[in-house]
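When we follow the numbering used here, the leftmost residue of the sequence shown carries the number 6, and every step to the right adds one. Here a beta-carbon is modelled for each residue, glycine too, at the ideal position from N, C-alpha and C. Values in this document were obtained by computation on a predicted structure and should not be read as measured data.
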Amino acid sequence: MKISFIGGGNMASALIGGLAGKLTDAGNIHVVDINADALQRLHDQFGVTTAFEIDAAVASSDVIVLAVKPQQMKEVAAQLQPHIGKQLVLSIAAGIRAADLSRWLNGHAAIVRTMPNTPALIGKGITGMVKLAGVSEAQSAAADAIMRAVGATVWLSDEALIDPVTAVSGSGPAYVFYFIEAMQQAAQEMGLSAEQGSELATATFVGASQLAAQSHEPVATLRERVTSKGGTTYAALTSMEASGVKEAIIRAMKSAAERGRQLGEEFGKD
Ligand SMILES: NC(=O)C1=CN([C@@H]2O[C@H](COP(=O)(O)OP(=O)(O)OC[C@H]3O[C@@H](n4cnc5c(N)ncnc54)[C@H](OP(=O)(O)O)[C@@H]3O)[C@@H](O)[C@H]2O)C=CC1
Ligand SMILES: O=C(O)[C@@H]1CCC=N1
Numbered sequence: 006m007k008i009s010f011i012g013g014g015n016m017a018s019a020l021i022g023g024l025a026g027k028l029t030d031a032g033n034i035h036v037v038d039i040n041a042d043a044l045q046r047l048h049d050q051f052g053v054t055t056a057f058e059i060d061a062a063v064a065s066s067d068v069i070v071l072a073v074k075p076q077q078m079k080e081v082a083a084q085l086q087p088h089i090g091k092q093l094v095l096s097i098a099a100g101i102r103a104a105d106l107s108r109w110l111n112g113h114a115a116i117v118r119t120m121p122n123t124p125a126l127i128g129k130g131i132t133g134m135v136k137l138a139g140v141s142e143a144q145s146a147a148a149d150a151i152m153r154a155v156g157a158t159v160w161l162s163d164e165a166l167i168d169p170v171t172a173v174s175g176s177g178p179a180y181v182f183y184f185i186e187a188m189q190q191a192a193q194e195m196g197l198s199a200e201q202g203s204e205l206a207t208a209t210f211v212g213a214s215q216l217a218a219q220s221h222e223p224v225a226t227l228r229e230r231v232t233s234k235g236g237t238t239y240a241a242l243t244s245m246e247a248s249g250v251k252e253a254i255i256r257a258m259k260s261a262a263e264r265g266r267q268l269g270e271e272f273g274k275d
């Protein structure tokens, strides 16, 4: 499978890192970016071919992954439009609706809109996906294979649900990193070294996440099992409840979903 990426930034790098040499040879992955440093890094790291602008290699690809920022998408679609034929177009942009993309690509119907996340880099990503009616069975299987090569996939029947997916799993790794940062800071303030704090906090996230993923019990039950009556966890969770941490997280995630919807309105016009 020949795959071209338009945009070789953070998320494209994570996907390429997960894909190269697994689903397809690095030589079958081509990256177009206006940024020379980004291209050099991707070439050196993964052995992919690169170009500064959309070229014949993009035109002859089976799949074109649109991995630029939402505000860059319309301009990129205009540059891509003359090179579009039978390729499957797979967008990873937050907000940008498949129908707007199709319009910018002169009615191209083979479009899958996705929302991946950066753990794709280590094969632990999860991607929400939705397809336009013009996507063939073989094309949706190809889109699924690409994203499953870097983790799990969840197909959605309603495109409106991709903003909530963005709020949960697209942006989600940042919330986890934020929580780990806070735990590291607390560890240091209580006298542990930076290295010890980092190791303890990160290993706790890995262990607890894997336990939650493997357990057949509700996550609330797992939480209760840590929380001895009158003990330390109870003290911590009572403090979090008093600070409204859960409500703050829910509010924050709804802001992310709303921002996704706004991006679609703002950059999907015309
Ligand atoms: N980062 C993440 O965790 C996730 C991101 N996404 C989505 O992925 C997309 C990319 O995000 P991210 O990787 O973080 O962004 P980046 O800014 O890291 O990557 C975008 C890249 O595209 C380049 N670019 C800009 N214009 C063009 C053009 N005309 N042709 C080719 N390349 C161009 C940018 O160059 P320059 O920097 O010079 O503008 C940049 O290198 C976004 O739409 C985002 O919503 C989805 C899921 C998760
Ligand atoms: O922050 C963003 O807009 C992108 C989409 C999901 C993760 N990063």
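Item	Value
Contact defined as beta carbons within less than 8 Å: I believe Ala154 pairs with Lys27. What is the distance between those atoms, to the nearest angstrom?	5 Å
Counting along the chain, where does the alpha helix (DSSP H) carrying Leu268 start and finish?	250-272
Anyone know if the C-beta pair for Ile21 and Ile34 falls short of 9 Å?	yes
Between Val81 and Ser9, which are expected to be in contact by the criterion C-beta below 8 Å, what is the C-beta distance as a whole number of angstroms?	About 12 Å; that fails the 8 Å criterion.
Unbroken beta strand (DSSP E) runs of length 3 or more, entirely within the stretch 108-139: which are they?	116-120, 130-136
What number of angstroms, rounded off, separates the C-alpha of Ser96 from the C-alpha of Ile254?	27 Å
Does His221 come out as helix, strand or coil in the three-state DSSP assignment?	coil
For the alpha helix (DSSP H) that contains Ile21, what are its first and last residues?	15-24
Can the beta-carbon of Ser18 be found closer than 9 Å to that of Leu47?	yes
By the DSSP assignment, the alpha helix (DSSP H) with Ser145 in it spans what residues?	142-153
Would you mind sorting Ser176 into buried or exposed? The rule is 16 or more other CB atoms within 10 Å of its CB.	buried
With DSSP as the reference, label Val231 as helix, strand or coil.	helix
Does the distance from the CB of Lys136 to the CB of Ile116 come in under 9 Å?	yes
Within the stretch 21-96, note down every full beta strand (DSSP E) run reaching 3 residues or more, in order along the chain.	34-37, 54-56, 68-71, 93-96
Mapping DSSP to helix, strand and coil, what is Ser203?	helix
Can you name, in chain order, every residue of its own chain whose Cβ lies under 6 Å from the Cβ of Ser203, other than the five neighbours on each side?	Gln189
Alpha carbon to alpha carbon, how far is Asp149 from Trp160? Give it in angstroms, no decimals.	9 Å
Taking Cβ to Cβ, would you say Gly100 is nearer than 9 Å to Arg256?	no
Give the DSSP-derived three-state secondary structure of Ile167 in the structure shown.	helix
Go to Val159, then tell me how far its alpha helix (DSSP H) extends in each direction, as first and last residue.	Counting along the chain, Val159 falls outside any alpha helix (DSSP H), though it belongs to the beta strand (DSSP E) covering 156-160.
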